[in-house]
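Engineer:
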Amino acid sequence: MSGLARMIGQRLALGAFTLLVVSMVIFAAIEALPGDFAEAILGQGATPEAVAAIRESLGMDRSPVERYFAWLGGVFSGDFGVSFNQLSFQSQYGQTGERDVVTVADQLAPRFANTIFLAATAAAVAVPLALTLGILAALYRGSIFDRAANVGTLTSISSPEFFVAYILILFLAAANPVFPSISKIHADLDFWERLYRTVLPALTLTLVVTAHMMRMTRVAIINLLASQYIEMARLKGVPRWRVIVRHALPNALAPIINVIALNLAYLVTGVVVVEVVFVYPGIGQMFVDAVKLRDMPTVQACCLVFAAAYILLNLLADVLSVLTNPRLRHPK
Amino acid sequence: MRTGRPLVTIRDLKIEGLAGEDWLPIVNGIDLDLARGEVLGLIGESGAGKSTVGLAAMGFTRDGCRIAGGSIEFDGIDLVAASEDARRSLLGRRIAYVAQSAAASFNPAHRLIDQHTEGPVLHGVSSLQESQEDAMALYARLRLPEPESIGFRYPHQVSGGQLQRAMTAMAMSCRPDLIIFDEPTTALDVTTQIEVLAAIRDIVDQFGTAAIYITHDLAVVAQMADRIKVLLKGDEVEENDTRAMLAEPQEDYTKSLWAVRSFRRPEQPPAGQGAVPVIAVAGVTAGYGTAPDVLHDVSFDVHAGRTVAVVGESGSGKSTVARCITGLLPPRGGEVRFNGEALPAGYRNRSKDQLRQVQMIYQMADTALNPKLRIRDIVGRPVQFYRGLRGAGLRRRVEELLEQIELEPALYIDRLPSELSGGQKQRVGIARALAADAQFIICDEVTSALDQLVAEGILKLLDRLQNELDLAYMFITHDLATVRAIADEVVVMKDGFVVEAGPKTEMFTPPHHDYTDLLLSSVPEMDPDWLDRLLEQRGVDNIGEAARGRID
Chain C
637 MSGLARMIGQ RLALGAFTLL VVSMVIFAAI EALPGDFAEA ILGQGATPEA
687 VAAIRESLGM DRSPVERYFA WLGGVFSGDF GVSFNQLSFQ SQYGQTGERD
737 VVTVADQLAP RFANTIFLAA TAAAVAVPLA LTLGILAALY RGSIFDRAAN
787 VGTLTSISSP EFFVAYILIL FLAAANPVFP SISKIHADLD FWERLYRTVL
837 PALTLTLVVT AHMMRMTRVA IINLLASQYI EMARLKGVPR WRVIVRHALP
887 NALAPIINVI ALNLAYLVTG VVVVEVVFVY PGIGQMFVDA VKLRDMPTVQ
937 ACCLVFAAAY ILLNLLADVL SVLTNPRLRH PK
Chain P
184 MRTGRPLVTI RDLKIEGLAG EDWLPIVNGI DLDLARGEVL GLIGESGAGK
234 STVGLAAMGF TRDGCRIAGG SIEFDGIDLV AASEDARRSL LGRRIAYVAQ
284 SAAASFNPAH RLIDQHTEGP VLHGVSSLQE SQEDAMALYA RLRLPEPESI
334 GFRYPHQVSG GQLQRAMTAM AMSCRPDLII FDEPTTALDV TTQIEVLAAI
384 RDIVDQFGTA AIYITHDLAV VAQMADRIKV LLKGDEVEEN DTRAMLAEPQ
434 EDYTKSLWAV RSFRRPEQPP AGQGAVPVIA VAGVTAGYGT APDVLHDVSF
484 DVHAGRTVAV VGESGSGKST VARCITGLLP PRGGEVRFNG EALPAGYRNR
534 SKDQLRQVQM IYQMADTALN PKLRIRDIVG RPVQFYRGLR GAGLRRRVEE
584 LLEQIELEPA LYIDRLPSEL SGGQKQRVGI ARALAADAQF IICDEVTSAL
634 DQLVAEGILK LLDRLQNELD LAYMFITHDL ATVRAIADEV VVMKDGFVVE
684 AGPKTEMFTP PHHDYTDLLL SSVPEMDPDW LDRLLEQRGV DNIGEAARGR
734 ID
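Protein chains in written order, with this note's numbering: chain C, 637 to 968; chain P, 184 to 735.
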């Protein structure tokens, strides 16, 4: 088991390094975009003096390298900075930083909680659904059910998610007003009301991620059906469903877990489009707005959250895969 | 033992297998009768249909096979007509199966005892508690170490011979009327095999279970079966009581099977004093990665025109010696000399000429030949690489090599490996080794994946080539019959040490090293009383792993 602890340690260190690289790439990418925050926020009223004033107040007259390391130094001391957007209003109203400053972290936290809520709702439906469909498709492979499940999930994964979202809105919000088409979420809502307003975006995400997980479950199980221990189980008179669930599935878990992790990571990072469509107040919305405004501290923070989600979920998948292998769990 | 109505009656059984889009016959009308408590041996070469018939006796066909005709009756139940559920209620409960590779047939994800109790509990034969206690009793009966706790291990934590016995225990878990043993000892080392054979026979006797024992090894079936049925390409050749069958086989095919172990290479005169060996392994110590040494001070010589057989069981280090000689695994100590000159340890540091001199022929010709290349390229590549021949010269040389291995060049030069039989693939493997004009060839279990008749053809070919080209062979094998047939000298290895080395005749005459004695006495003979005698002489506790553990 010390091998596992070492693996986790190594991967976390590597993950931290990856985050550093991600932050550099993001910073460079924003630098490379035409225009900057000052021009974006002033829009039509961008006189050279106003632009220069805002730039100076944001410290953007310094060199990019200097600004990057200033930001990085803040991160290491736990300060992700303050959104330019917050600062700009202060400078416009002639106020100084003495007012209560809303930091990026403060802004991000509720948004992040919303996104996690959406992702968790989608995952709570999609993962059991995908596993069940995959197992059933493997059990009845070649049957009408198998083909229908494949066609259905492939159709939903092949359509762009905004398209799926609008179709759902059309049928479940416009034609039959069952669910709200706009997910107005705020802190005062109770759990059920919040869940009710999350249904459509969660359903959209479910349709998008189920296909992948279901097909991997099906294939991973079917690949094992030619194994001798499966034949042995059948020759012991074990019923078909039990052959699949008890004898094939435990050995098929590693690839399935990996695909689930990739899809869960996608639920966190790939929600951008869905959140925009449903005006869902999650991290994706915030990210899109921040990119439009070239709001560097916010973009950076969002990206780091996305990257960390990917890294942690993949690490979790690898750890679980190791744990499903009896050879590693019970060494000789 | 043969009383009352037969347990199994098979009449005119026809089975077809799907090949591409066509159904091809695999079994063409076989009759089989088995009485309660009787053991029937099914023997034949690969493709004879013996496993297919064995599974059919359970009412089971593999995917891609179907029963095309005939009837299978088990204790009055028509298995062909029976419903899926009716058949399933028999499987495991009244008919059980023991597979060739226990390692592959136990589910790696579950403990042995959980797999053992699954059948009895599912079929409602006994409760979980009863079944667990019974499993421990069976483990003890089958002489497994620590019968109380071994069941709580996972398959990978248990050795191959132990797994095979645990699988026999699992087959017994519902006390079936019939067990199908499908080559249960083929994958085991010879000393382990004895232990498993003795255990199987003991437990089948004890419970009066009928059995169909499938194998290609005549000497094994002679110990196990009351009657023997010989199959060839889906047809029955003949059937008779074991003793009668061994004494007087009627059909030519059966006689040829009996005679197959007759090939003997004439003994070569010993190498002269002071002759320089082609390959000298001198004090080689080696190991993988940072792990401890797996070879300890191994030394032996191989002279031109002579064959040295390196004998030992799995894990004895015989293949590691080959890796050291070829330079794939640089030794940690000692050296390998070629014609008196030390070879660089790693193959990367060897010159093309040094590489050329050491060639290998592999056990699995299937995986050793690139399936996408034609024979001309497989054999032509070393010709081009080592001799620099091209165009017409290259083609002439490849044709010459194919003639040497007795494959008609015009017919075979443009074929893919998948268009050859197992024996022909192994011949191409030989041609590839010859293409380098090597003086020394390592043959790594080259015949163990082949049927006996085909294997004999390969041995004869290797013998002829050795005489013509004055080759030196190092023959890695665990099969002592092959050693007898082809070796001049024998090196016996155990746990990375050479325990005995010398000329073949000395090796096969007592006194032996204890381990050599165990190896030699563990080779089954074509005498139905051999196993009884051996158990009487050595004692039931002095065979297999137990005996091996006691030898240093």
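For every residue, glycine included, the Cβ atom is placed at its ideal position computed from N, Cα and C.
The structure presented is a predicted model; accordingly, all values stated were derived computationally and were not measured.
Would you say A463/P and S482/P are within 9 angstroms of each other, going by their C-beta atoms?
Structural biologist: Cβ distance < 9 angstroms, so A463/P and S482/P count as in contact.
Engineer: Would you say V210/P and G232/P are within 9 angstroms of each other, going by their C-beta atoms?
Structural biologist: Yes, these two residues count as a Cβ contact at 9 angstroms.
Engineer: Taking beta-carbon pairs under 9 angstroms, can you tell me which members of the segment 420–436 of chain P lie near chain C?
Structural biologist: Listed by position along the chain: nothing, the set is empty.
Engineer: Suppose you measure from the CA of V941/C to the CA of G307/P; what does that come to, to the nearest Å?
Structural biologist: Looking at the two C-alpha atoms, the distance is approximately 54 angstroms.
Engineer: Report yes if the C-beta distance between V718/C and P837/C is below 9 angstroms; otherwise report no.
Structural biologist: No, Cβ-Cβ distance for V718/C and P837/C is not below 9 angstroms.
Engineer: For a contact defined as C-beta to C-beta under 9 angstroms, what are the partners of V874/C on chain P?
Structural biologist: The contacting residues are R271, L274, G275, E301, G302, L305.
Engineer: Let me make sure I understand the geometry here. Which of E366/P, A318/P, L327/P has the alpha-carbon closest to that of Y280/P?
Structural biologist: The residue with the shortest Cα to Cα distance from Y280/P is E366/P.
Engineer: Evaluate Y865/C with the Cβ neighbour count: other Cβ atoms within 10 Å of its Cβ, from every protein chain shown; 16 or more gives buried, anything less gives exposed.
Structural biologist: When all chains shown are included, Y865/C counts as buried.
Engineer: Pick helix, strand or coil for Y916/C, following the three-state DSSP scheme.
Structural biologist: DSSP places Y916/C in coil when its eight states are reduced to three.
Engineer: Roughly how many angstroms lie between the CA atoms of T437/P and V413/P, to the nearest whole one?
Structural biologist: T437/P and V413/P: Cα-Cα distance of roughly 7 angstroms.
Engineer: Quick one: what's V491/P bridged to in DSSP?
Structural biologist: BP columns for V491/P point to M657/P, E672/P.
Engineer: How would you list, in chain order, the residues of chain P whose beta-carbon sits under 8 angstroms from the beta-carbon of P700/C?
Structural biologist: Ordered by position in chain P, no residue passes the 8 angstroms Cβ test against P700/C, which lies about 47 angstroms from the chain.
Engineer: What residues match up with P686/P in a beta bridge as DSSP calls it?
Structural biologist: P686/P is bridged to E672/P.
Engineer: Kindly list the residues whose CB is nearer than 6 angstroms to the CB of P600/P, restricted to its own chain and excluding five residues on each side of it in sequence; keep chain order.
Structural biologist: Closer than 6 angstroms at the Cβ level, and outside the excluded window around P600/P, lie L552, P554, K608.
Engineer: For E199/P, name the three-state secondary structure that DSSP assigns.
Structural biologist: In the structure shown, E199/P sits in a strand (DSSP, three-state: E or B).
Engineer: Give a yes or no on whether the minimum CB-CB distance between T960/C and chain P is below 9 angstroms.
Structural biologist: Yes - at least one Cβ of chain P is within 9 angstroms of the one on T960/C.
Engineer: Please return the same chain residues whose Cβ sits closer than 8 angstroms to the Cβ of L775/C, not counting the five positions on each side in sequence.
Structural biologist: Answer for L775/C: R876, W877, I880, listed in chain order.
Engineer: How about S705/P: is its Cβ closer than 8 angstroms to a heavy atom in the ligand ZN?
Structural biologist: In the structure shown, the ligand ZN is absent, as is every other ligand, since no ligand is present at all.
Engineer: Does any C-beta atom of chain C lie closer than 9 angstroms to the C-beta of L238/P?
Structural biologist: With 9 angstroms as the cut-off, L238/P counts as an interface residue toward chain C.
Engineer: Give me, in chain order, the residues of the same chain whose beta-carbon lies closer than 6 angstroms to that of T392/P; leave out the 5 immediate sequence neighbours on both sides.
Structural biologist: Excluding residues within five positions, the ones whose Cβ falls inside 6 angstroms are I362.
Engineer: Answer with buried or exposed for V787/C, where buried requires no fewer than 16 other C-beta atoms within 10 angstroms of its C-beta.
Structural biologist: Label assigned to V787/C: exposed.
Engineer: What three-state label does DSSP hand A393/P in the structure shown?
Structural biologist: Note: A393/P maps to strand in three-state DSSP.
Engineer: Cβ of S284/P less than 9 angstroms from any chain C Cβ?
Structural biologist: Taking Cβ atoms only, chain C reaches closer than 9 angstroms to S284/P, which makes this a yes.
Engineer: How would you label A856/C, buried or exposed, when you count the other beta carbons within 10 angstroms and need 16 or more for buried?
Structural biologist: A856/C comes out buried.
Engineer: With H, G and I counted as helix, E and B as strand and the rest as coil, what does DSSP make of L556/P?
Structural biologist: In the structure shown, L556/P sits in coil (DSSP, three-state: anything other than H, G, I, E or B).
Engineer: Using a 10 Å radius around the Cβ and a threshold of 16 neighbouring Cβ atoms, would you call T743/C buried or exposed?
Structural biologist: Residue 743/C is actually Gln in this sequence, not Thr. Per the 10 Å Cβ criterion, buried.
Engineer: For F364/P, decide whether its Cβ has a neighbour in chain C, counting only Cβ atoms nearer than 9 angstroms.
Structural biologist: Output row for F364/P: interface = no.
Engineer: Mind pulling the chain C residues with CB within less than 7 angstroms of M355/P?
Structural biologist: The contacting residues do not exist; M355/P stays about 12 angstroms from chain C at best.
Engineer: State the Cα-Cα distance for the pair F658/P and L645/P, rounded to the nearest angstrom.
Structural biologist: In a straight line, the C-alpha of F658/P is about 11 angstroms away from that of L645/P.
Engineer: Going by DSSP, name the residue or residues bridged to D678/P.
Structural biologist: None, per the DSSP bridge assignment.
Engineer: Determine whether the Cβ of T235/P lies closer than 9 angstroms to any Cβ atom of chain C.
Structural biologist: Not closer than 9 angstroms to any Cβ of chain C, the Cβ of T235/P fails to qualify, so no.
Engineer: Output needed for D248/P: all residues of its chain with C-beta closer than 8 angstroms, excluding positions within five of it in sequence on either side, in chain order.
Structural biologist: Before going on, a small fix: residue 248/P reads as Cys here, not Asp. Only I198, E199, G200, L201, I209, T235 meet the Cβ criterion.
Engineer: Could you give the first and the last residue of the continuous alpha helix (DSSP H) run that contains M850/C?
Structural biologist: Residues 827–860.
Engineer: What does DSSP give as the partner residues of E639/P in its beta bridges?
Structural biologist: Note: E639/P sits in no beta bridge, so no partner.
Engineer: In the DSSP assignment, find the unbroken beta strand (DSSP E) run with N423/P in it and report its ends.
Structural biologist: Where N423/P is concerned, the enclosing beta strand (DSSP E) stretches over 418–424.
Engineer: Contact criterion: CB-CB distance below 9 angstroms. Does G733/C meet it with respect to chain P?
Structural biologist: Its pLDDT being 47, under 50, G733/C is placed unreliably by the model, and the measurement read from it follows with that caveat. No - not a single Cβ of chain P is within 9 angstroms of the one on G733/C.
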